[in-house]
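Protein chains in written order, with the working numbering: chain S, 20 to 234; chain L, 301 to 742.
Built from N, CA and C at the ideal position, the CB exists for glycine as well.
Since the structure is predicted, the reported quantities are computational estimates derived from the model, not experimental observations.
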Amino acid sequence: MYEFARGPLVWIAFLILILGSLYRLIWMVVFSKKDKVVHPYMSLKYGLRSLFHWSIPFGARNMRLRPFFTVVSFLFHICLLVTPIFVLGHTLLWKESWNISLWSLPEGLADAMTIVVVIGVVFFALRRISMPAVRYVTYLNDYLLLGIVIAPFATGLMARYQVFNYQTMIVVHMFTGAIWLAAIPFTRIVHMLFYPFTRAYMGSESGYVRSAKDW
Amino acid sequence: MIVTPEDQVVDPGLDDTIKKLTPEKIEQAVNHVMTKETAARLQIYIDTCIHCGLCAEGCHTFLSRDGDPAFAPVGKVKNTLWELVKRNGRVSPETLRRMARIAYTECNVCRRCSMYCPFGIDIAYLLLTVRRICSLLGVVPQYLQDTTNSHSATMNQMWVQQDEWIDTLQWQEEEAQSDIPTARIPLEREGADVMYSVIAPEPKILAQLLGNISLIMTVAGIDWTMPATDGWDNSNMAMYSGDFEVMSRVEKLHWETAARLKVKKVVMGECGHAFRGAVYDGPRWLGWKFPPVPMVHAIEFYYDLISSGRIKIREKFKEPITLQDPCNTVRGRGLGGKLRYVMNALCEDFRDVSPNQEHNYCCMAGGGAINCGPPWKTSRMMSNRVKAEQFERTGAQYICTPCHNCHSGIEDIVGYYGLGMHVKFVSELIVQAMEIPAELLA
Chain S
20 MYEFARGPLV WIAFLILILG SLYRLIWMVV FSKKDKVVHP YMSLKYGLRS LFHWSIPFGA
80 RNMRLRPFFT VVSFLFHICL LVTPIFVLGH TLLWKESWNI SLWSLPEGLA DAMTIVVVIG
140 VVFFALRRIS MPAVRYVTYL NDYLLLGIVI APFATGLMAR YQVFNYQTMI VVHMFTGAIW
200 LAAIPFTRIV HMLFYPFTRA YMGSESGYVR SAKDW
Chain L
301 MIVTPEDQVV DPGLDDTIKK LTPEKIEQAV NHVMTKETAA RLQIYIDTCI HCGLCAEGCH
361 TFLSRDGDPA FAPVGKVKNT LWELVKRNGR VSPETLRRMA RIAYTECNVC RRCSMYCPFG
421 IDIAYLLLTV RRICSLLGVV PQYLQDTTNS HSATMNQMWV QQDEWIDTLQ WQEEEAQSDI
481 PTARIPLERE GADVMYSVIA PEPKILAQLL GNISLIMTVA GIDWTMPATD GWDNSNMAMY
541 SGDFEVMSRV EKLHWETAAR LKVKKVVMGE CGHAFRGAVY DGPRWLGWKF PPVPMVHAIE
601 FYYDLISSGR IKIREKFKEP ITLQDPCNTV RGRGLGGKLR YVMNALCEDF RDVSPNQEHN
661 YCCMAGGGAI NCGPPWKTSR MMSNRVKAEQ FERTGAQYIC TPCHNCHSGI EDIVGYYGLG
721 MHVKFVSELI VQAMEIPAEL LA
């Protein structure tokens with residue numbers, strides 16, 4: 020099982036991620052031409068302006084209205100993206116498998132960042148339960164999505180601290196990680212791919228067409 | 301399904317029209333819009349929305365109704381578009397009625413929520429898509445549909461006939477001449493610098509505004525004209541009912557009129573929708589990237605007149621006065637700064653609202669909501685308590701707004717919440733405050 024997870028599974032997951040993402044992005048570019056009003060109004064300058072304001076903490080009014088959410092959300096997303104790439108266990112694999120040398124996160128920091136992701140997911144789940152406006156638009160698949168995200172981080176942490184059986188835990192970790200990667204293009208985690216484009220489009224509509232700000 | 305007080309409002313435009321519908325007919329219209337009129341944008345917006353609810357506080361209806369989740373922008377999308385997508389358009393006529401109610405009377409397509417969505421999802425566009433579907437099925441609040449019918453038949457929104465139009469302009473020219481003998485409302489002057497556009501409520505119910513603009517143009521020495529033919533009104537409620545065919549006819553005629561008169565630019569009077577229809581929605585449906593003749597909104601025009609000294613201020617308005625930022629020219633054109641310049645130039649005691657400019661709350665009359673008529677007024681008032689509170693905090697006695705819809709909507713709010721304030725257009729302030737050169741008075 021470990022051999023399968025270590026070999027073909029990783030390939031499958033990355034292939035689904037890369038091909039799936041390419042498919043979604045190409046589909047987006049081609050199909051948005053049919054919208055007629057997207058391509059003519061796209062502006063690099065105003066698209067980047069909008070992305071800039073929405074990529075720095077407290078750069079938009081809504082972020083200032085809810086400072087706690089903003090902090091948790093930024094930390095969550097940064098840790099979510101950075102930790103899996105630079106955690107020591109993974110940098111060893113990058114090197115071993117594809118001979119890619121990457122800098123590794125100090126172990127304590129990597130642990131902390133993983134815990135941030137776990138806390139972030141718990142926070143989002145509590146938010147879904149406790150806030151009426153969020154609960155109103157929450158479906159079972161929203162919790163499943165949170166499950167997909169938390170699973171590789173929680174199991175990674177458990178494997179590292181040898182909770183239960185290490186061999187089992189590491190295989191579970193690899194499987195849940197593979198599910199997470201493969202889910203990106205085909206679930207609402209796809210916002211990871213579309214975010215720069217939806218944001219840039221709204222930025223262009225606001226800045227280039229309407230001379231107004233959108234943050 | 302929970303029955304809300306809003307479900308019990310009687311509107312023949314919704315109640316009678318759904319009787320002719322079947323789930324199959326609804327499915328057909330939904331599929332037409334989904335496959336022929338929308339593409340990646342709609343799909344990506346639906347796929348990208350992470351259901352986080354961050355848009356909720358972007359909406360004045362949500363804030364005014366004590367955080368009722370059904371009034372959060374995403375809640376409205378859930379109850380309309382998500383449902384249509386999930387069921388492939390096969391919904392019951394009663395469900396469609398409810399969707400029409402949400403899309404037409406509980407959303408002003410003011411686009412404020414897009415500034416609260418981290419992804420910048422154009423939620424107003426999603427609700428407009430729902431309206432488009434309802435319009436194709438004939439399920440439109442009756443008063444709003446009547447306005448659209450008026451556009452279709454007369455090319456203006458209030459059934460104004462050509463003779464009434466010309467007669468009103470000449471009457472107001474005479475009114476203006478009682479103040480300045482040389483004041484004119486020049487009709488059909490080819491090659492003028494400016495064509496001045498108004499919307500039908502001006503000749504119909506607020507004719508004095510036409511006299512006001514005659515005075516302003518005369519004092520500023522502008523070479524201007526107005527058309528004597530149809531094509532003078534582009535207020536365009538068809539844009540909001542979802543009848544985009546009629547919308548584009550109105551805008552096309554308006555621009556053709558400007559082209560026929562060979563004017564250098566069009567100055568749009570104090571109306572936000574007309575500006576939006578003429579500059580954004582109309583040209584896009586017609587396949588034009590931008591309007592064929594430059595259009596300047598009244599805010600910008602007044603700013604230019606005052607900042608360049610063509611209009612000099614004799615005496616500023618003294619009473620405390622606040623402002624309603626119209627969505628379609630402030631969020632829709634970034635004119636908030638210039639509007640404040642104008643307000644400060646004209647008023648001694650201008651008290652700004654908070655939040656303001658792009659973040660200002662809609663008047664709740666916009667996006668065709670006030671045009672849905674008296675049946676929906678109570679619901680509309682309940683949906684904008686936050687606006688009344690915002691005005692009350694300023695302590696002002698007057699509210700200025702350069703937009704017809706805002707004007708009517710704010711008057712309703714002032715009355716409903718007993719604010720005891722008065723609403724003014726910018727042109728009224730200018731006419732009161734400007735210096736009339738002695739040679740014009742001779």
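Where residue 71 of chain S falls, given that 16 or more other Cβ within 10 Å makes a residue buried
Residue 71 of chain S comes out exposed.
Which residues in chain L have a C-beta closer than 7 Å to the C-beta of residue 218 of chain S? List them in chain order.
Those are 419, 420, listed as they occur along chain L.
Applying a beta-carbon distance threshold of less than 7 Å, which residues of chain L neighbour residue 210 of chain S?
Those within 7 Å of residue 210 of chain S in chain L are 348, 350, 419.
In whole angstroms, what separates the C-alpha of residue 124 of chain S from that of residue 30 of chain S?
Those two C-alpha atoms are separated by around 24 Å.
Taking just the CA atoms, how far does residue 431 of chain L sit from residue 541 of chain L?
So the alpha carbons of these two residues sit roughly 6 Å apart.
Confirm the yes/no value for this check: CB of residue 535 of chain L, any heavy atom of the ligand HEM, distance under 7 Å.
In terms of ligand content, the structure shown is empty, and the ligand HEM therefore cannot be addressed.
Going by DSSP, what residue range makes up the alpha helix (DSSP H) through residue 29 of chain S?
Note, residue 29 of chain S: alpha helix (DSSP H), 29-52.
Does residue 344 of chain L come within less than 8 Å of chain S when only Cβ atoms are used?
Look at residue 344 of chain L: its C-beta is under 8 Å from a C-beta on chain S.
Might you give, ordered along the chain, the residues of its own chain that have their beta carbon closer than 6 Å to the beta carbon of residue 660 of chain L, omitting 5 neighbours on each side?
625.
Using the Cα positions of residue 652 of chain L and residue 622 of chain L, report the straight-line distance between them to the nearest angstrom.
Each residue's Cα considered, the two are about 6 Å apart.
Residues in the segment 40-65 of chain S with C-beta within 9 Å of chain L's C-beta atoms, listed in sequence order?
43, 46, 47, 48, 49, 50, 51, 52, 53, 54, 55, 56, 57, 59, 60: these are the residues of the segment 40-65 of chain S whose beta carbon lies less than 9 Å from some beta carbon of chain L, given in chain order.
Chain S residues whose Cβ lies nearer than 7 Å to that of residue 416 of chain L
Near residue 416 of chain L (Cβ distances below 7 Å), the residues of chain S are 81.
Buried versus exposed, by CB contacts within 10 Å (16 or more), residue 465 of chain L:
Buried is the call here.
If you draw a straight line from the alpha carbon of residue 699 of chain L to that of residue 217 of chain S, how long is it in whole angstroms?
Taking C-alpha positions only, residue 699 of chain L is separated from residue 217 of chain S by approximately 36 Å.
Member of L:415, L:433, L:566 whose CA lies at the smallest distance from the CA of residue 223 of chain S
When only C-alpha atoms are compared, the closest one is L:415.
Can you say whether residue 197 of chain S is buried or exposed, counting buried as having 16 or more other CB atoms within 10 angstroms of its CB?
Burial call: buried.
Exposed unless 16 or more other CB atoms sit within 10 angstroms - verdict on residue 86 of chain S
By the 10 Å Cβ count, residue 86 of chain S comes out exposed.
Looking at the C-beta of residue 221 of chain S, does it have a partner C-beta in chain L at a distance below 8 Å?
It does; some Cβ of chain L falls within 8 Å.
Please confirm if residue 357 of chain L has its CB atom under 8 Å from at least one CB of chain S.
It does; some Cβ of chain S falls within 8 Å.
Checking contacts by CB at 8 Å: is residue 213 of chain S closer than that to chain L?
For residue 213 of chain S, the answer is yes, since a Cβ of chain L falls inside 8 Å of its Cβ.
Counting only beta-carbon atoms, is residue 432 of chain L nearer than 8 Å to chain S?
For residue 432 of chain L, the closest Cβ of chain S is not nearer than 8 Å.
In chain order, each beta strand (DSSP E) run of at least 3 residues that lies wholly inside the segment 505-583 of chain L:
Taking only runs of at least 3 residues, the beta strand (DSSP E) segments lying wholly in the segment 505-583 of chain L are 565-568.
Rounded to whole angstroms, how far is the Cβ of residue 47 of chain S from the Cβ of residue 340 of chain L, which I believe are closer than 8 Å?
Contact flag correct, Cβ pair sits at about 5 Å.
Hey, residue 737 of chain L and residue 519 of chain L: beta-carbon distance below 8 Å or not?
Yes, they are a contact pair.
In chain order, which continuous runs of the alpha helix (DSSP H) of length 4 or greater are located wholly inside the segment 362-412 of chain L?
List check, alpha helix (DSSP H) in window: 373-377, 383-386, 393-405.
Check residue 613 of chain L in the structure and name its three-state DSSP category.
Here residue 613 of chain L sits in strand by DSSP.
For chain L, is any of its Cβ atoms less than 8 Å away from the one on residue 137 of chain S?
Residue 137 of chain S is outside the set of residues whose beta carbon lies under 8 Å from a beta carbon in chain L.
DSSP three-state assignment for residue 320 of chain L, whether helix, strand or coil
Residue 320 of chain L: helix per DSSP, three-state reduction.
Please compile the residues from chain S whose C-beta is within a distance smaller than 9 Å of the C-beta of residue 598 of chain L.
Within 9 Å Cβ-Cβ: nothing; residue 598 of chain L doesn't reach chain S, min ~16 Å.
Which residues of the segment 84-110 of chain S have a Cβ closer than 9 Å to any Cβ of chain L? Give them in chain order.
Taking 9 Å as the Cβ-Cβ cut-off, the segment 84-110 of chain S approaches chain L at 84, 85, 88, 92, given in chain order.
Continuous beta strand (DSSP E) stretch holding residue 597 of chain L: start and end:
Where residue 597 of chain L is concerned, the enclosing beta strand (DSSP E) stretches over 595-597.
Counting only beta-carbon atoms, is residue 386 of chain L nearer than 8 Å to chain S?
Chain S contact via Cβ: absent.
Could you run through the segment 629-653 of chain L and flag, in chain order, every residue whose CB is less than 9 Å away from some CB of chain S?
So the close ones are 630, 631, 632, 633, 634, 635, 636.
With a cut-off of 8 Å on the beta carbons, I'd call residue 658 of chain L and residue 636 of chain L a contact; round off their distance for me.
Confirmed, Cβ separation roughly 7 Å.
Take the Cβ of residue 638 of chain L as the centre, count every other Cβ of all protein chains shown within 10 Å, and call the residue buried at 16 or more, exposed below.
Around the beta-carbon of residue 638 of chain L, 16 or more other beta-carbon atoms lie within 10 Å, marking it buried.
Please classify residue 351 of chain L: does DSSP put it in a helix, a strand, or coil?
Secondary structure at residue 351 of chain L: coil, using DSSP grouped into helix, strand and coil.
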